[in-house]
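For the record, in the sequence shown the residue sitting at position 53 is 53 according to the UniProt record's numbering, with numbers rising by one throughout. Note that the Cβ used here is the ideal one computed from N, Cα and C, for glycine as well. Given the structure is predicted, the values throughout are model-derived calculations rather than measurements.
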Amino acid sequence: MVLTTKPRQEHTMWKCHGRMLNEICGGVTDIKELECSKCGKRRAANDEALANGSNVIGTLHSVDSQGEETWDYTGPEPHKKT
Numbered sequence: 001m002v003l004t005t006k007p008r009q010e011h012t013m014w015k016c017h018g019r020m021l022n023e024i025c026g027g028v029t030d031i032k033e034l035e036c037s038k039c040g041k042r043r044a045a046n047d048e049a050l051a052n053g054s055n056v057i058g059t060l061h062s063v064d065s066q067g068e069e070t071w072d073y074t075g076p077e078p079h080k081k082t
């Protein structure tokens with residue numbers, strides 16, 4: 001578990017886990033956008049962090065009362081190539 005309030009560089013998209021009728025939305029939205037491009041739900045705990053399109057690299061752990069997000073990444077941040 002790697003908790004941080006700063007999204008990683010490779011974290012470019014997020015997958016919505018909001019409910020639409022009786023199923024999970026599943027909409028994929030740019031990390032810069034706070035609302036799902038498919039259902040309009042605000043990003044919330046348990047939404048997935050994505051890199052390179054569909055690679056899951058973590059989940060949104062929590063959002064505090066001021067809207068600050070804490071992400072839980074599945075491993076350490078990759079090393080930058082020099």
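So is Thr74 buried or exposed if we call it buried at 16+ other beta carbons inside 10 Å?
For this step, residue 74 is matched to residue 74 along the sequence shown. For Thr74, the number of other beta carbons within 10 angstroms of its own is below 16, and it is reported as exposed.
As assigned by DSSP and simplified to three states, the class of Tyr5:
Translated into positions along the sequence shown, residue 5 becomes position 5. Per the sequence shown, residue 5 should be read as Thr rather than Tyr. Coil at Thr5, not helix or strand.
Please classify Leu60: is it buried, with 16 or more other beta-carbons within 10 angstroms of its beta-carbon, or exposed?
Here residue 60 refers to the residue found at position 60 of the sequence shown. Taking a 10 Å sphere around the C-beta of Leu60, we find 16 or more other C-beta atoms and assign the residue as buried.
Segment limits, beta strand (DSSP E) that includes Asp30
Start at 1 with the first residue of the sequence shown, and residue 30 comes out as number 30. In the DSSP assignment, Asp30 falls within the beta strand (DSSP E) that extends over Val28 to Asp30.
Is the separation between the beta-carbon of Val28 and that of Met13 shorter than 8 Å?
Residue numbering aside, residue 28 sits at position 28 when the sequence shown is read from its first letter. Residue numbering aside, residue 13 sits at position 13 when the sequence shown is read from its first letter. Their beta carbons are under 8 Å apart, which means Val28 touches Met13 by this criterion.
Just to confirm my understanding: we take Ala48, look at its own chain, exclude 5 residues before and 5 after, and list those with CB closer than 6 Å. What are they?
Against the sequence shown, residue 48 aligns to sequence position 48. According to the sequence displayed, residue 48 carries Glu and not Ala. So the list reads Lys15, Val56 and Thr59, once near-sequence residues are dropped.
Where does Gly58 fall in DSSP's three states?
What you label residue 58 is simply residue 58 of the sequence shown in a count that begins at 1. The three-state secondary structure of Gly58, taken from DSSP, is strand.
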